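Note that the numbering used here has the sequence shown beginning at 346, numbered continuously upward.
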Amino acid sequence: MHPLVTQAQIDTFQTEGVVLIKGLFKSHIDTIRSGIERNMAKPGPYAAENLKEGEAGRFFDDYCNWTRIPEFEEVIRTSPAAEVAADLMGSQRVQVFHDHVLVKEPGTSKATPWHQDGPYYFVDGIQNVSFWSPMDPVNDNSLRCVAGSHAWDKPVLPTRWLAETSFYANEDEYMPVPDPDAEGMDIKEWQMEPGDAVAFNYGILHGARGNEASTRRRAFSLRLLGDDARYIERPGPTSPPFPGHDMKPGQRLREDWFPTIFERKDII
């Protein structure tokens, strides 16, 4: 077990699907900040501006850039994230899925909509973890996660953040997006320092308030996969799409695109 993780945290992650890991990227803050600036200066093909005309501030996000931004690759390969992920997931091996940058500039009132990541992805399996780490102190603009929502009987309908339309045509397979505040759900939210990380299962319903503070809210997310991750087809194009992947349902994700970055060796 990595020193950053306790058995109690592993148990909480297994039951509630979300836990706070203090200082996960503490030694990599400057590197991640530098990578975010490089990413924003030269966005990738999936970059998005998530505000409608007339909405204040700026809400930038982009993903799948770690192979072209050396700072992100350095963090992925040298930080303790992969080993901590193995501990939380109970997995022998850890594969990279993708990175994600989300930046809310000061005065951005728009909230990140409530959503689950899993329905957007072409990944099946319960051994997965997403790390969300702020690069600035966060209080009211921290990530908010609904404990236990990864175990709901039906996934939440994925939507397009800007257009606010359904991501897939067949809505019957999904439940409507709930209002966790109005429905009194168990929402986990922490005040966080740069380098702390919320670890959550892809099935956890989560969102974030706008950034009304006078400082930026830069966040780096890293999505990792465990032993049982398999490719699954969805009712339409996924996000991220990874065009030309050529995988078939039930296959492990291809190692040349999604490399293994940690593997626990059996001790004889």
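Every residue gets a Cβ at the ideal spot worked out from N, C-alpha and C, and that includes glycine. Small disclaimer: the values here were computed from a predicted structure and weren't measured.
To the nearest angstrom, report how far apart F476 and G362 are at their CA atoms.
Here residue 476 refers to the residue found at position 131 when the sequence shown is read from its first residue. Here residue 362 refers to the residue found at position 17 when the sequence shown is read from its first residue. Using only the alpha carbons, I get a separation of about 12 Å.
Output the residue ranges of the beta strand (DSSP E) runs that lie fully inside the stretch 532-597 and measure 3 residues or longer, sorted by chain position.
If we require 3 residues or more, the beta strand (DSSP E) runs fully inside the stretch 532-597 come out as 532-534, 542-545, 551-553 and 562-570.
With 16 other CB atoms within 10 Å as the buried threshold, where does I612 fall?
Here residue 612 refers to the residue found at position 267 when the sequence shown is read from its first residue. Any reading at I612 must be qualified, since the residue scores a pLDDT of 48, below 50, and its modelled position is unreliable; no value is offered.
Write down the C-beta distance between V474 and N546 rounded to the nearest angstrom, noting that I regard them as a contact closer than 8 Å.
Position 129 of the sequence shown holds residue 474. Position 201 of the sequence shown holds residue 546. 7 Å between Cβ atoms; contact.
Buried versus exposed call for S478 [16 or more other C-beta atoms within 10 Å across all chains shown]
Mapped onto the sequence shown, residue 478 falls at position 133. Around the beta carbon of S478, 16 or more other beta carbons sit within 10 angstroms, so the residue counts as buried.
Given a cut-off of 8 Å, decide if L365 and W535 are closer than it, judged by their beta-carbon atoms.
Looking up residue 535 in the sequence shown gives position 190. Looking up residue 365 in the sequence shown gives position 20. Result yes, Cβ atoms of W535 and L365 sit closer than 8 Å.
Output needed for F512: all residues of its chain with C-beta closer than 8 Å, excluding positions within five of it in sequence on either side, in chain order.
Within the sequence shown, the letter at position 167 stands for residue 512. Cβ within range, chain order: P464, Y465, L502, P503, T504, R505, G581 and S584.
Supposed close pair L488, A553 - CB separation, criterion 8 Å
What you label residue 488 is simply residue 143 of the sequence shown in a count that begins at 1. What you label residue 553 is simply residue 208 of the sequence shown in a count that begins at 1. Between L488 and A553, the beta carbon gap of about 5 Å places them in contact (Cβ cut-off 8 Å).
Limits of the unbroken alpha helix (DSSP H) element including T356:
Reading the sequence shown from its first residue, position 11 is the one you call residue 356. The question names Thr, yet the displayed sequence has Asp at residue 356. For D356, the enclosing alpha helix (DSSP H) has its first and last residue at Q352 to E361.
Can you tell me which of A492, S566, M480 and L567 puts its alpha carbon nearest to the alpha carbon of S372?
The residue labelled residue 372 in the question sits at position 27 within the sequence shown. The residue with the shortest Cα to Cα distance from S372 is M480.
For I612, name the three-state secondary structure that DSSP assigns.
Counting from 1 along the sequence shown, the entry for residue 612 is found at position 267. For I612, the pLDDT reaches just 48, beneath the cut-off of 50, and the residue's location in the model is therefore unreliable, although a value from the coordinates is still provided. Correct three-state label for I612: coil.
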